[in-house]
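Structure, as C-alpha cells:
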Amino acid sequence: MAKAEIGDTVRVHYTGRLMDGTIFDTSIGREPLEFTIGDGRLIPGFEKAVIGMNTGETKTVTLAPEEAYGPYLEELTADVDITQFPPHIKPEVGLHLQIRQDNGSVVDVVITRIVGTTVTLDANHPLAGKELIFDIELLEVL
11 MAKAEIGDTV
21 RVHYTGRLMD
31 GTIFDTSIGR
41 EPLEFTIGDG
51 RLIPGFEKAV
61 IGMNTGETKT
71 VTLAPEEAYG
81 PYLEELTADV
91 DITQFPPHIK
101 PEVGLHLQIR
111 QDNGSVVDVV
121 ITRIVGTTVT
131 LDANHPLAGK
141 ELIFDIELLE
151 VL
C-alpha cells in the first residue's frame, strides 16, 4: 500500500461537517478530490491529515479554525450606508457581492445585517472561526 507524503498527488473522498453535524461540503457522489500534498491549494489541516495515510485508509479529523479558514476577524467587516449601493442592487441579508477596491483587486463579501440605512458587509470566509470535522478516505496515491 502506498503511503501519502508531501509532494504526492492523491485522490480522496471527503465529507466536511460543522460541530453541530451540518454537512458543508462533500465529494461523495462526485469525482474524488485530486490534489498535490504541500502545494497549498487546500486548507493546511486537511493536507496535514492526509500525510501518512495509506491507500484505502479512512480517518476523521477535527480542525481548529487556525488549521482551516482562520479566525473570524471583525476588521473584515464594514458598515456602509445603503445609498452607496447602485440603484440596480437591492441590499438584503445573505446577498453575495464582489467589491472592487481602489487598487483594482476584487473582494467577495456578503451582507450580514441591515439596520435602518446601515448595511454590514463581511469579507470573512463563511467558515472562518469554525471548528471543522472531515471524514477522509485516501483512494489512491498517483
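In this note's numbering, the protein residues as written are 11 to 152. Glycine residues also receive a C-beta, built at the ideal position from the N, C-alpha and C atoms. Being a predicted model, the structure only gives us computed values, none of them experimental.
Take residue i and list the residues in its own chain whose beta-carbon comes closer than 7 Å to its own, dropping the five residues that flank it on each side.
| i | result |
| --- | --- |
| residue 79 | 53, 135, 137, 138 |
| residue 38 | 23, 25 |
| residue 61 | 14, 15, 16, 47 |
| residue 11 | 64, 65, 66 |
| residue 5 | Beyond the ends of the chain as shown, which are 11 and 152, falls residue 5; an answer cannot be given. |
Can you check which of these residues, the options, is closest to residue i by C-alpha distance?
| i | options | result |
| --- | --- | --- |
| residue 65 | 131, 14, 124, 18 | 14 |
| residue 122 | 33, 133, 44 | 133 |
| residue 152 | 83, 20, 11 | 20 |
| residue 128 | 95, 107, 149, 110 | 95 |
| residue 150 | 99, 68, 49 | 68 |
| residue 29 | 41, 70, 140 | 140 |
| residue 148 | 59, 40, 31 | 59 |
How would you write the range of the beta strand (DSSP E) that residue i sits in, first residue to last?
| i | result |
| --- | --- |
| residue 88 | 87-91 |
| residue 127 | Looking at the DSSP string, residue 127 is not in any beta strand (DSSP E), and its letter there is neither H nor E. |
| residue 69 | 68-73 |
| residue 79 | It is not in any beta strand (DSSP E) - residue 79 carries neither H nor E in the DSSP assignment. |
| residue 148 | 142-151 |
Note the first and the last residue of the continuous alpha helix (DSSP H) segment covering residue i.
| i | result |
| --- | --- |
| residue 60 | 54-60 |
Anyone know if the C-beta pair for residue i and residue j falls short of 8 Å?
| i | j | result |
| --- | --- | --- |
| residue 142 | residue 120 | no |
| residue 88 | residue 43 | no |
| residue 196 | residue 118 | Outside the displayed span of the chain (11 to 152) sits residue 196, for which this structure offers no information. |
Among residues of its own chain, excluding the 5 on either side of residue i, which ones have a beta-carbon nearer than 8 Å to its beta-carbon?
| i | result |
| --- | --- |
| residue 103 | 121, 122, 123, 124 |
| residue 33 | 25, 26, 27 |
Kindly list the residues whose CB is nearer than 6 Å to the CB of residue i, restricted to its own chain and excluding five residues on each side of it in sequence; keep chain order.
| i | result |
| --- | --- |
| residue 77 | 54, 55 |
| residue 82 | 134, 138, 139 |
| residue 18 | 47, 151 |
Is it buried or exposed, residue i, if we count other Cβ atoms within 10 angstroms and call 16 or more buried?
| i | result |
| --- | --- |
| residue 99 | exposed |
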